[in-house]
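Quick mapping for you: the protein sequence lines, in order, are chains L and S. For the first sequence, position 126 (counting from the first letter as 1) is numbered 168 according to the numbering used here, and the numbering increases by one without interruption. For the second sequence, position 28 (counting from the first letter as 1) is numbered 70 according to the numbering used here, and the numbering increases by one without interruption. All C-beta atoms in this analysis are idealised placements derived from N, C-alpha and C, irrespective of residue type, glycine included. Remember, predicted model here, so these are calculated numbers, not experimental data. Have a look at the structure below before the remarks.
Number of protein chains: 2
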Amino acid sequence: MSSKMPSTSRSLPIALIRAREGVMAPIRDMLSDTGITEQQWRVLRVLSEHGPLDTTTLADRASLLHPSLTRIATTMRGKGLITQTRDKVDRRRQFIAITPDGQKIIDDNADQSARIVADFRRILGEDDFETLLDLLGRLDPGAQD
Amino acid sequence: MSSKMPSTSRSLPIALIRAREGVMAPIRDMLSDTGITEQQWRVLRVLSEHGPLDTTTLADRASLLHPSLTRIATTMRGKGLITQTRDKVDRRRQFIAITPDGQKIIDDNADQSARIVADFRRILGEDDFETLLDLLGRLDPGAQD
DNA sequence: GCTTTTCCCTTAACATGTTAATGATTGCGA
DNA sequence: TCGCAATCATTAACATGTTAAGGGAAAAGC
């Protein structure tokens, strides 16, 4: 029972896990009807926002590791939510784009998604919500903004 | 490109994922030498702090889903890091305890673990660190403190 | 006491996280 | 142009996350 170890009840990693769980719960509820996962939702969001992207950029923006994205893309292609094409100039590169079916999932859930986000803003209050995003950003080593 | 959707760059779920990634990176580096995972480390931490626990309480304190804990416990039993015994009164219950080998991993890494935590406190500053923990706690639906 | 319900835990099935290795392609330098 | 390093992506292997179903034991109701 070493006194060097900080209590697990005030552990930053565990607090992050639990907060994420709390935030994702209503989003997962929303998505359970659509048959896609939280990660597939993020992929659609990024593609809808930025247009077609190469897989490296897409993985970065959706906060997915590349091997995960490879599998997720295979699944989503099978569902007809995205298309994947080789770059003719650099044949190593793959480009991924959202399909109308994929965009439909975004459109169908945009309202509820916005409502969920607004709920959390209200729970924390506008100021604390922004403070939280800033503090979290300072823990992110790859923060590019 | 629906204007209803908040930008993914200020998305709370993604910010939580990235912050967690930033926090866990040095911890994973530390653990890579020991051959155990981040989750196994959490199990050892909780057992070392609280003593033997039934699996439900252990899963809750380590923020693991029960099915995950079942598998993790099997692995850790195989490594000799924990023991698992049936409660003689209520034969449904399993009790898990840390072994000397498991405690040795805690002891061997206590200093470095404390250093990593101290680094993050320094990066954010004492006040912001506490603020962050409080804000995260308000997103946790099962906050029992 | 016997059924039914509830509880604790495990198993199963599928998706993702994580690290290392492999493929395929391009670019560069001798 | 040959060889070799660097780049982009996938595959492989193992561990965990997530949800649903199953199995055994205790508790509750009649």
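Fewer than three Cβ pairs drawn from the segment 154-168 of chain L and the segment 120-127 of chain L lie within less than 8 Å of each other, which leaves the two stretches out of contact. In the three-state scheme derived from DSSP, where H, G and I count as helix and E and B as strand, Arg128/S is classed as strand. Per the coordinates, the alpha-carbon of Arg52/L lies some 19 Å from the alpha-carbon of Ala67/S. Counting only residues of its own chain and dropping the five nearest sequence neighbours on each side, Leu73/L has a CB closer than 6 Å to the CB of Trp83. For Val65/L, at least one C-beta of chain S is nearer than 8 Å to its own C-beta. Taking the C-beta atoms as reference points, Ser105/S is found nearer than 8 Å to Arg60/L.
Judged by beta-carbon spacing, Val159/S lies beyond the 8 Å limit of Leu181/L, meaning their Cβ atoms are not closer than that value. A distance below 8 Å separates the beta carbons of Leu89/S and Ile140/S.
When rounded, the separation of the alpha-carbon atoms in Gly179/L and Leu177/S is 14 Å. For Ile147/L, the enclosing alpha helix (DSSP H) begins and ends at Pro142 to Leu166. Annotated three-state conformation of Ile69/L is helix, per DSSP.
Of all residues in the segment 95-126 of chain L, only Arg103 and Ser105 place a beta-carbon less than 7 Å from a beta-carbon of chain S.
Per DSSP, the beta bridge partners of Ile138/S are Leu95/S and Gln126/S. Within its own chain, the residues whose Cβ lies closer than 8 Å to the Cβ of Glu80/L, once the five positions on either side in sequence are excluded, are Met66, Ile69, Arg70 and Leu73, listed in chain order. By the neighbour-count criterion, in which a residue is buried when 16 or more other Cβ atoms sit within 10 angstroms of its Cβ, Ser155/S is buried.
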